[in-house]
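K.L.:
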Amino acid sequence: MVEARALRRNIHSSPRKMRLVIDLIRGKNAAEALGILRFSSHHASRDAELVLRSAIANLMSKDADGNIDPDSVFVKEVFVNQGPTMKRMLPAPMGRAYRMRKRSNHLTIIVAAK
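Quick note: the sequence shown uses the numbering used here, first residue 375, plus one each step.
1. Are LEU408 and LEU424 closer than 8 Å when you measure CB to CB?
2. Comparing alpha-carbon positions, which option in LYS402, PRO389, MET463 lies nearest ILE484?
3. Looking at the strands, I want to know which residues DSSP matches up with ARG462.
4. Since ARG383 is in the beta strand (DSSP E), which residue starts that stretch and which ends it?
5. Beta-carbon separation of THR482 and ARG379 under 8 Å?
6. Are there any heavy atoms of the ligand NAD lying less than 7 Å away from the beta-carbon of MET474, as far as the coordinates show?
7. Could you tell me which of HIS386, MET392, ASN384 sits nearest to VAL452, measuring between CA atoms?
8. So, for PRO458: in the same chain, excluding its five sequence neighbours on each side, which residues have a beta-carbon less than 8 Å away from its beta-carbon?
9. How is ARG391 classed by DSSP in three states: helix, strand or coil?
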């Protein structure tokens with residue numbers, strides 16, 4: 375079984391929001407997963423679609439003979455790790471300040487051919 379992976383780092387959305395999107399495509403056929411991501415209303419689905427297309431392209435370029443059937447490609451593994459958090463300050467009442475955390479994530483998608 376041939377497999378390939380794609381990784382995108384420092385995506386500016388929280389890992390929790392990205393996990394909502396990737397749970398929809400885990401274990402699915404690649405064409406079906408692309409359709410789900412393409413028509414999903416979540417903002418994080420755009421980044422996930424780019425990474426999935428990159429993983430599929432990496433798989434196709436890995437096979438020199440071109441023997442891989444596009445219908446046999448499926449999403450083997452997909453996971454999200456937390457990236458760096460930017461810390462900013464917001465003004466608060468009575469001269470105080472509240473801390474705002476802008477989270478980011480790292481997305482990894484592994485595709486394989488049966």
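Every residue gets a Cβ at the ideal spot worked out from N, C-alpha and C, and that includes glycine.
P.N.:
In this structure, then:
1. no
2. LYS402
3. MET474
4. 376–385
5. yes
6. In the structure on display, the ligand NAD does not appear, and there are no ligands present to speak of.
7. MET392
8. ASN384, SER478
9. Here residue 391 is Lys; the residue named in the question, Arg, does not match the sequence. The answer is helix: DSSP assigns LYS391 an H, G or I state.
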